[in-house]
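Counting in UniProt numbering, the final residue of the sequence shown is number 138, and the numbers go up one at a time with none missing.
Everything below concerns the one structure shown next.
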Amino acid sequence: MANVLIIEDKASFGDMLKSTLEDAGLTVKLVKRGREALQVFKKEKIEIALIDLRLPDMEGIDLLREFKKFDTDTKCVIMTAFGTIDKAVEAMKLGAYDFLTKPFDVEQLITFLNRITEENRRYYENILLKDEAAKIHG
């Protein structure tokens with residue numbers, strides 16, 4: 001089960017997204033500001049971060065940059081209603097997993113998040129198998 005952090009300042013959209021993802025079986029935390037997100041990120045292991053590009057206290061790109069300083073494994077997805085190619089390219093260069101333009105289909109988002117979770121599971125399973133093989137043959 002994925003641990004998802006949503007950083008979205010629009011209460012109605014954030015609440016809807018949180019509820020929908022929880023109904024899909026994901027563990028979700030919602031915050032409205034970048035500073036709140038940083039506090040959560042420092043205390044908890046976050047598998048996926050859905051980051052609004054425009055937040056009241058900082059840009060989503062700056063929050064992405066901060067997240068990547070702490071944990072490069074977290075899959076960060078930038079969400080925005082104000083998408084530009086320049087912002088998408090900048091986000092990807094900083095390590096964003098993807099860039100979504102609002103509005104987006106929530107069912108497609110759930111499928112997308114499940115795919116990320118499965119990729120992560122396989123990645124960590126592979127690491128464990130390599131460690132086991134090294135112990136046996138090593």
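Here a beta-carbon is modelled for each residue, glycine too, at the ideal position from N, C-alpha and C.
A quick note: this is a predicted structure, and the numbers were derived from the prediction, not measured.
Please list the terminal residues of the continuous alpha helix (DSSP H) segment that includes residue i.
i: Ala88; result: 85-93
i: Lys75; result: Counting along the chain, Lys75 falls outside any alpha helix (DSSP H), though it belongs to the beta strand (DSSP E) covering 75-80.
i: Leu113; result: 106-137
i: Leu5; result: Per DSSP, Leu5 belongs to no alpha helix (DSSP H); it is in the beta strand (DSSP E), 3-7.
Could you check if residue i is buried or exposed, using at least 16 other CB atoms within 10 Å of its CB as the buried criterion?
i: Ala81; result: exposed
i: Phe67; result: buried
i: Leu63; result: buried
i: Val89; result: exposed
When the Cα of residue i is compared with those of the options, which residue comes out closest?
i: residue 152; options: Ile110, Phe70, Thr84, Asp62; result: Past the edges of the chain, shown from 1 to 138, lies residue 152, and the structure says nothing about it.
i: Asp71; options: Lys42, Gly14, Ile51; result: Lys42
If you follow the beta strand (DSSP E) that residue i is part of, which residue opens it and which one closes it?
i: Leu21; result: It is not in any beta strand (DSSP E) - Leu21 instead sits in the alpha helix (DSSP H) that spans 11-23.
i: Asp52; result: 48-52
Can you list, in chain order, the residues of its chain with a C-beta nearer than 7 Å to that of residue i? Leave out the 5 residues immediately preceding and following it.
i: Lys45; result: Asn3
Within a Cβ cutoff of 6 Å, which residues of the same chain sit near residue i, ignoring the five residues on either side of it in sequence?
i: Thr8; result: One point to set straight first is that residue 8 is Glu, not Thr, in the sequence displayed. Around Glu8: Gly14, Asp52.
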